[in-house]
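Numbering (my numbering), first residue to last: 14 to 266.
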């Protein structure tokens, strides 16, 4: 593992954050455009690949690289021309929406069932795999943001009593202790009592490739009205306002 330098000092940025994620990073990118003036000393660099494409990443020669042409092209489009991730260039990493959901678990299930369910969610996702690859080449802080909770398209609250979002995330966190990776939470104002995301936070959600104009002309810029997974810029704005001050130690905003 190489000892990282602090190249951001020469660039004049207080903190340079690498965001690695799936199509969900489009929401954060839109949100960043809304709040960047409040974090003028900081720089966010986005690296996106759809669905499970980050399974085709590897740690090679001290860098995180793609071994798949499609992922390489998506990385180039979303990062503004970069084709690999050099950990020495960043002060923190955020893994966002890498096939990692927070399951809605009803109260009354046993602790063993909760633990097994959460373990299965982690194993089926990509977050831990990518975190391990990063850990093999850097000791820089790694933060984790799970997929947004699914949208409540019907506008109604589902009856039932669920374990709190924080409680389930705490269980997820236990699966990442060995990697020294810490979870960040979805803002409470973006969740209903049944742990779904209110529909308004999905209105106008755009596709990841729109971030750099890489979408096919026949492809709609926005997701359809029945999409229940992707969130908009307002969601991204609230998420960043809550969590960037945690990534930026001691930040006063």
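Don't be surprised by glycine CBs; every beta carbon is placed ideally from N, CA and C.
This one's a predicted model, so the numbers in the text were calculated from it and none came from an experiment.
Inset, instruction - Can you give me the Cβ contacts of residue 105 inside the same chain, cut-off strictly under 6 Å, excluding the 5 residues immediately before and after it? - result: The residues are 30, 154, 260.
Legend entry - Sequence-distant residues of the same chain with beta carbon closer than 7 Å to residue 208, five excluded per side: 117, 162, 175, 178
Inset, instruction - Pair every Cβ in the region 79–92 with every Cβ in the region 113–133, then say whether three or more of these pairs are closer than 8 Å. - result: no
Inset, instruction - Would you be able to state if there are at least three C-beta pairs under 8 Å between the region 195–202 and the region 123–140? - result: no
Legend entry - Distance CB(residue 214)-CB(residue 256) smaller than 7 Å: no
Inset, instruction - Check whether the region 85–93 touches the region 135–153, taking contact to mean three or more Cβ pairs, one atom from each stretch, closer than 8 Å. - result: Per the Cβ contact rule, the region 85–93 is not in contact with the region 135–153 (fewer than 3 Cβ pairs under 8 Å).
Inset, instruction - Tell me, please, whether the region 139–149 touches the region 55–71 by the rule of three or more beta-carbon pairs shorter than 8 Å. - result: yes
Inset, instruction - Compare the C-beta of residue 109 with all C-beta atoms of chain D and state if any pair is closer than 7 Å. - result: Note that chain D does not occur in the displayed structure, where there is just one protein chain.
Inset, instruction - Tell whether a beta-carbon distance below 7 Å holds between residue 173 and residue 40. - result: In this structure, residue 173 sits away from residue 40, with a CB-CB distance that is not shorter than 7 Å.
Inset, instruction - Leaving out five residues on either side along the sequence, give the residues of the same chain with a beta carbon under 8 Å from the beta carbon of residue 76. - result: 97, 98, 99, 100, 150
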